[in-house]
Structure formats: structure tokens, C-alpha cells
Amino acid sequence: MELLSPLFQELLSIVSRQTKMHWFSIVKTGISNKAPSPVWIPPPLDFIKVNTDASFKNGVSKAGIILRNHSGTISLAATYHHDCLDSFSAECLALLDACKLLQELKIQKVCLESDCLSAISFINGKSRNFFWQASAVIDQILLIWRKWPLWSFKFIPRVANDAAHALAFWDFNSNFMGFVPQNDLSVSIFCDLGFLLVGPP
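Add 99 to a position in the sequence shown, counting from 1, and you land on the number used in this note's numbering.
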């Protein structure tokens, strides 16, 4: 095979440089014009933030629950399984699982977060819609909440709830239920800030 002529090699080099500059310009413009994405925000000092999410398929929900402290360190991860009718019920059951876990651990200062706006609005009394399919679950959440006045429930966008979402998705593949050992955690659940699991809160 004949070697490329010096002229042709130079042309290839020029085209390559121009192409790289073109795509770099496009990427840079896209990044500069993109609005900042919301991210996971650590709770106040002495508080625990709990993120919940649920994956739902064929009448089965898999809940992912992540507990983190004010430094952003993941202190506990757990998964739960339920039979339910729809994705909304699955999200509510994930929140109930978190409440039961927190009550068992007797954690008083808690910020609970979910990317299910309807559930959070209904729990906070800001929605007049009656979600009959999950009303019994929400009633249990409210009953537990009355015992822990320092708890709060907040809606967050999906991108700020990625760790809990990734854990619930991982659970669908692993079919694990309970406290998740550190070595079994999927790397993807560290997608919020990359903090490590260190032990019980």
C-alpha cells in the first residue's frame, strides 16, 4: 500500500483541526446557554435528608430509600417491595417505608424528599385532589408524621433525586430487599455528589 502524499496528509490534518474546533464551539455554546440543573442539597446541621423513589412495573413496586447527613454522606440505603396498582401508589408506599424506617431508628430531625409532586402536595395539604388509590397509605404517613413534628416533606425535581431513583432501578435487577450492604451498592447511586457510604446515622 502506498503512503499518503505529504500534501494529502496536510489536508487531512487541516480538516481534522477544523472539525474539532467546530464541535468544540457547538458543545461550548450548548453548555453556556443551558440553565443550571438543580442538584441534591445537603440538609441543615444535625438533620438527616431522606430521598425516596419507586420503580413500578406489572403490579410490583421497588422502593429505593437513601439517608444522608449534613455533609452529604450516605449513611444508609434500603429497598422495599410491594404489590400495588399504579406508579402513584408506588411512590406513596416508598414514602411510607421511609417514615416507618425513620420511626424505627427514632430519628427526630428529618427532611424527606420525593420527585412525586402529587404525593408531597397531598401530604402537605396543598392538593384538593382525592387520590383514593393511595389514600390509606397517605393516612398512615400523616399518622406517623404527627409523632415527629420536626419532619418535613418536600418535592424536588427528578435530577435532584437521582440517587434514590438509581437505587430503585438497581433493585428491579437485583431483587434485593432490606438494608443494602455497601459492597452491593450500584455505583450509579452515587450520581448526586459522589459521597461514600459510611455506616448507620
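We treat Cβ as the ideally placed atom computed from N, Cα and C, and that holds for glycine.
What is the C-beta distance between residue i and residue j, in whole angstroms, given that I count them as a contact (C-beta under 8 Å)?
i: ILE222; j: PHE252; result: 5 Å
i: THR178; j: GLY163; result: 6 Å
i: LEU249; j: LYS208; result: 5 Å
i: LEU195; j: GLN239; result: 6 Å
i: HIS180; j: MET276; result: 5 Å
Taking the alpha carbon of residue i as the reference point, which residue from the options has its own alpha carbon closest?
i: CYS210; options: VAL159, ASP182 and LEU144; result: LEU144
i: LEU216; options: PRO280, CYS191, SER154 and LYS148; result: CYS191
i: ASP214; options: PHE146, LYS225 and ASP261; result: ASP261
i: ILE243; options: ILE206, ILE255, PHE271 and ARG257; result: ILE206
i: GLY171; options: ILE140, LEU200 and VAL236; result: ILE140
i: PHE254; options: GLY224, ALA218 and SER273; result: ALA218
i: VAL236; options: ALA259, ILE173 and LYS199; result: LYS199
i: ILE173; options: ASP270, ALA263 and ASN274; result: ALA263
i: VAL138; options: GLY224, ALA259 and SER234; result: ALA259
Please list, in chain order, all residues of the same chain as residue i whose beta carbon is under 8 Å from its beta carbon, the five residues on each side excluded.
i: LYS246; result: GLN202
i: VAL279; result: ALA176, ALA177, THR178 and LEU266
Name the two residues that bound the continuous alpha helix (DSSP H) containing residue i.
i: ASN272; result: 261-273
i: GLU165; result: Here residue 165 is Ile; the residue named in the question, Glu, does not match the sequence. Per DSSP, ILE165 belongs to no alpha helix (DSSP H); it is in the beta strand (DSSP E), 159-167.
i: LEU194; result: 186-204
i: ASP214; result: Careful: ASP214 lies outside any alpha helix (DSSP H) and carries neither H nor E.
i: PHE279; result: Before going on, a small fix: residue 279 reads as Val here, not Phe. Premise fails: VAL279 is in no alpha helix (DSSP H) and is neither H nor E.
i: ALA233; result: Run containing ALA233: none; DSSP gives neither H nor E here.
In its own chain, which residues sit with a C-beta less than 7 Å from the C-beta of residue i, not counting the 5 before and 5 after it?
i: ALA197; result: VAL149, THR151, ILE164 and LEU211
i: PHE268; result: SER154
i: PRO142; result: LYS148, HIS169 and CYS210
i: ASN272; result: none
i: ASN274; result: none
Could you name the residues of the same chain whose beta carbon sits closer than 6 Å to that of residue i, not counting the 5 residues immediately before and after it, in chain order?
i: SER220; result: SER226
i: LEU103; result: Low local confidence applies: a pLDDT of 46 at LEU103 is under 50, so the model's placement there is unreliable, and no value is given.
i: LEU184; result: GLN232
i: ALA189; result: ALA153, PHE155, SER160 and CYS183
i: ALA193; result: THR151, ALA153 and ALA162
i: ARG257; result: ASP214
Can you name the start and end residues of the beta strand (DSSP E) that residue i belongs to?
i: VAL138; result: Per DSSP, VAL138 belongs to no beta strand (DSSP E) and is neither H nor E.
i: ASP182; result: 173-182
i: TYR226; result: Checking the sequence, you will find Ser at residue 226 rather than Tyr. Per DSSP, SER226 belongs to no beta strand (DSSP E) and is neither H nor E.
i: PHE146; result: Neither: PHE146 is in no beta strand (DSSP E) and is coded neither H nor E.
i: LYS253; result: 251-254
Check whether the segment 165-173 and the segment 140-155 touch, using three or more Cβ-Cβ pairs below 8 Å as the test.
yes
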